[in-house]
Amino acid sequence: MVGSPDTRRSELVEVFREARSCVKCPLSESRTQVVFGAGNANADLMFVGEAPGAEEDRQGLPFVGRSGALLTSMLGNAGISREDVFIANTLKCRPPENRNPTPVEIETCKPWLFEQIRLIEPRVVATLGNFATKLLTCDQTGITKVHGKPQVRRLGSRTVFLLPLFHPAAALRATGTSELLAADINALPELLRQEVPQEPAEDGAP
Ligand code: URA
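Under our numbering, residues 20 to 225 are what the sequence shown spells out, in order.
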C-alpha cells in the first residue's frame with residue numbers, strides 16, 4: 020500500500036507528467052507523443068499491451084485502433100467496462116513502422132510500467148501478447164502455451180494474478196485465436212472475485 024486512492028492517483032499523474040518528456044531511448048525522436056496509458060487509476064484489472072501503433076501515437080491513448088475496438092467489445096461481452104480497467108503498454112512510444120520492441124527498449128521503458136503497477140495496485144494484470152507476457156513472467160515461454168492460465172506473480176512490491184492473453188491484433192488475423200482470446204477474457208470476472216494468494220512464485224521486479 021502506498022496511500023489512499025486519491026494520493027496514488029495524484030502520484031500517477033506526476034509520473035505521467037515525467038514520462039511525457041522521456042528521452043531515455045531513441046523512440047523519443049520518432050514518436051508523436053508518449054502513450055502513457057488510460058483508464059481507472061484505482062483499477063483491480065490492468066491490461067499491458069505491446070506498444071502504441073499509428074493511431075495510438077496520433078491520439079496519445081492506448082488501444083484506440085482496430086485491436087482496441089476488438090478488446091473493448093470482448094470486455095463488454097464479459098461484462099467488463101473499459102472505464103473500469105487501466106490499459107497500458109510495455110513500450111510507451113511507437114516503434115517506427117510498428118516493428119517489434121527491442122530488448123533494450125523494453126528494459127529502458129520497464130520502470131514506467133512498474134511505477135504504474137505500484138500506484139494503481141491492480142489485483143489482476145492481463146498481459147496481451149508475447150512481449151508483455153515474457154517481460155512480466157520473466158519467462159520465455161510463448162503465449163500459445165501460457166494463455167488463459169493465471170499465474171501468481173510478484174511485480175515489484177505487489178503480488179497479483181497475472182493472466183497471459185493473446186494480443187487482439189493476433190485475434191484480428193485468425194478466427195481460432197479470436198475465440199481463444201474471447202474465452203480467456205470471459206474467465207476474468209471469476210478471477211477478479213478470487214483472493215490473490217500471497218506466496219509469489221517469482222520476483223518480476225526491475
Ligand atoms: N497494440 C498494442 O499493443 N498497444 C496499443 O496501444 C495498440 C495496439
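Every residue, glycine too, gets a C-beta built ideally from N, C-alpha and C. As the structure is a computational prediction, the values presented were derived from the model and not from experiment.
Exercise. Kindly indicate which three-state DSSP category Ala6 falls into: helix, strand or coil?
Key: Since the first residue of the chain shown is 20 and the last is 225, residue 6 is not available in this structure.
Exercise. With DSSP as the reference, label Gln170 as helix, strand or coil.
Key: For this step, residue 170 is matched to residue 151 along the sequence shown. DSSP places Gln170 in strand when its eight states are reduced to three.
Quiz item: Going by other Cβ atoms of all chains shown within 10 Å of its Cβ, with 16 needed for buried, is Arg177 buried or exposed?
Solution: Sequence index remark: in the sequence shown, residue 177 carries index 158 (1-based). Buried.
Self-check item: Residues near Phe35 by beta carbon distance below 6 Å, same chain, minus five either side
Solution: As a first step, residue 35 must be located in the sequence shown, where it is residue number 16. Closer than 6 Å at the Cβ level, and outside the excluded window around Phe35, lie Phe55.
Quiz item: Contact between the stretch 179 to 198 and the stretch 73 to 91: three or more CB pairs below 8 Å?
Solution: yes
Exercise. Return yes when the Cβ of Val165 is within less than 8 Å of the Cβ of Leu64, no when it is not.
Key: The sequence position of residue 64 within the sequence shown is 45, counting from 1. The sequence position of residue 165 within the sequence shown is 146, counting from 1. No. Outside cutoff.
Quiz item: Per DSSP, what kind of secondary structure is Asn59 in: helix, strand or coil?
Solution: Here residue 59 is taken as the residue at index 40 of the sequence shown, counted from 1. If DSSP states are grouped into helix, strand and coil, Asn59 belongs with coil.
Self-check item: Beta-carbon proximity list for Asn96, same chain, < 8 Å, skipping 5 on both sides
Solution: Counting from one through the sequence shown, the residue named residue 96 turns up at place 77. Result list for Asn96: Ala201, Ile204 and Asn205, in chain order.
Quiz item: Between Pro299 and the ligand URA, is the CB less than 7 Å from at least one heavy atom?
Solution: The structure shown has nothing for residue 299, since the chain only spans 20 to 225.
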